[in-house]
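Asks: Protein chains in written order, with our numbering: chain A, 12 to 113; chain B, 12 to 113. Before anything else, here's the structure in question.
2 protein chains.
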Amino acid sequence: MRYGYLATMRTVPGKRDDVVTLLLGGEDGLRAAGCDLYVVGTSDSDQNLVWVFEVWQSKAHHAASLELPATKAAIASAMPMLTGEFTGQELDIAGGLGIPSA
Amino acid sequence: MRYGYLATMRTVPGKRDDVVTLLLGGEDGLRAAGCDLYVVGTSDSDQNLVWVFEVWQSKAHHAASLELPATKAAIASAMPMLTGEFTGQELDIAGGLGIPSA
Chain A
12 MRYGYLATMR TVPGKRDDVV TLLLGGEDGL RAAGCDLYVV GTSDSDQNLV WVFEVWQSKA
72 HHAASLELPA TKAAIASAMP MLTGEFTGQE LDIAGGLGIP SA
Chain B
12 MRYGYLATMR TVPGKRDDVV TLLLGGEDGL RAAGCDLYVV GTSDSDQNLV WVFEVWQSKA
72 HHAASLELPA TKAAIASAMP MLTGEFTGQE LDIAGGLGIP SA
């Protein structure tokens, strides 16, 4: 079963769009690392929050991706723009439109 | 910009997997209605909760889909298996891996 991760991160005021741009920059590397979906969203209801919905081929793929140099560099770039307030929810992905068959 | 909707719904005990199966049954209709992603997940951390992450071509597509007979029938089938406790967060989808270019 595919592994899902639903995250939010709070940005310092005025930096939300920069964080979004940074998060959107890694598509090719994500795909190569076993990521099926990495969707970034925002809401006018909370202007300093960024949502990320991720689906990976397995939890191990996700964990391994965090060790890649490109991932570490992206995290280092983002950190000064984040408050340190994160949420995360792991999910077992049952399927649905947009999810490759297992 | 694409429209996102992140929902949770609480099921009555023992009915979670039936709700998941029901939610996964509508892929073809969803695609035809302008839905890009409709991902269903669960977690052992809360065994009666179902997460749905949806991305639509627009908010109007999502609203129109709720008026389709197949959607109304699915909702009617699910309702007896749900407690009535829902959450929902609208999102502006910035993009990412798995999202078609706008």
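Glycine included, every Cβ here is placed at the ideal spot set by N, Cα and C. Predicted model only: the values in this text are computed from it and were never measured.
For residue 25 of chain B and residue 66 of chain B, which I take to be in contact (beta-carbon distance under 8 Å), what is that distance rounded to the nearest angstrom?
Replies: Going by Cβ atoms, the distance from residue 25 of chain B to residue 66 of chain B rounds to 30 Å, so no, they are not a contact pair.
Asks: Quick check: what's the CA-CA separation for residue 71 of chain A versus residue 79 of chain A?
Replies: Approximately 13 Å, taken between the alpha carbons.
Asks: Taking residue 31 of chain A and residue 50 of chain A to be in contact with their CB atoms under 8 Å, please state how far apart those CB atoms are, rounded to whole angstroms.
Replies: No, residue 31 of chain A and residue 50 of chain A are not in contact; Cβ-Cβ is about 11 Å, not under 8 Å.
Asks: From the DSSP secondary-structure annotation, give me the bridge partner or partners of residue 31 of chain B.
Replies: Partner(s): none; residue 31 of chain B has no beta bridge.
Asks: Restricting to runs no shorter than 4 residues, where is the alpha helix (DSSP H) found entirely within the region 31-69 of chain A?
Replies: Correct list: 38-43.
Asks: Note the first and the last residue of the continuous alpha helix (DSSP H) segment covering residue 86 of chain A.
Replies: Here the alpha helix (DSSP H) through residue 86 of chain A covers 80-89.
Asks: At a CB-CB cut-off below 7 Å, which residues of chain B make contact with residue 31 of chain A?
Replies: What residue 31 of chain A touches in chain B: 105.
Asks: Rounded to a whole number of angstroms, what is the C-alpha to C-alpha distance between residue 106 of chain B and residue 29 of chain A?
Replies: If I take the Cα positions, the gap works out to 14 Å.
Asks: Given a limit of 7 Å on CB to CB distance, which residues of the region 86-101 of chain A reach chain B?
Replies: Correct list: 100, 101.
Asks: Grab the span of the beta strand (DSSP E) containing residue 17 of chain B for me, first residue to last.
Replies: Residue 17 of chain B -> beta strand (DSSP E) spans 13-22.
Asks: Answer yes or no: do residue 19 of chain B and residue 48 of chain B have a C-beta to C-beta separation smaller than 7 Å?
Replies: Result no, Cβ atoms of residue 19 of chain B and residue 48 of chain B do not sit closer than 7 Å.
Asks: Could you round the C-beta distance between residue 17 of chain A and residue 89 of chain A to whole angstroms and report it? I think they count as a contact, below 8 Å.
Replies: Wrong, their Cβ atoms sit about 18 Å apart, outside the cutoff.
Asks: What's the C-alpha gap between residue 63 of chain B and residue 94 of chain B?
Replies: Each residue's Cα considered, the two are about 16 Å apart.
Asks: Under 9 Å Cβ-Cβ, which residues of chain B neighbour residue 62 of chain A?
Replies: Here the neighbours are 15, 17, 100, 102.
Asks: Can you tell which of A:42, A:101, A:13 has its C-alpha closest to the C-alpha of residue 108 of chain B?
Replies: If we check each option's Cα against that of residue 108 of chain B, A:42 comes out closest.
Asks: Who are the neighbours of residue 42 of chain B on chain A, taking C-beta pairs under 8 Å?
Replies: 108, listed in chain order.
Asks: Can you have a look at residue 22 of chain A and say buried or exposed, based on whether 16 or more other CB atoms are within 10 angstroms of its CB?
Replies: Looking at its Cβ environment, which holds 16 or more other Cβ atoms inside 10 Å, residue 22 of chain A is buried.
Asks: Determine, using beta carbons only, whether residue 13 of chain B and residue 104 of chain B come nearer to each other than 7 Å.
Replies: Yes, Cβ-Cβ distance for residue 13 of chain B and residue 104 of chain B is below 7 Å.
Asks: Cβ atoms of residue 68 of chain B and residue 40 of chain B: under 7 Å apart, would you say?
Replies: Not a contact, by the Cβ cut-off of 7 Å.
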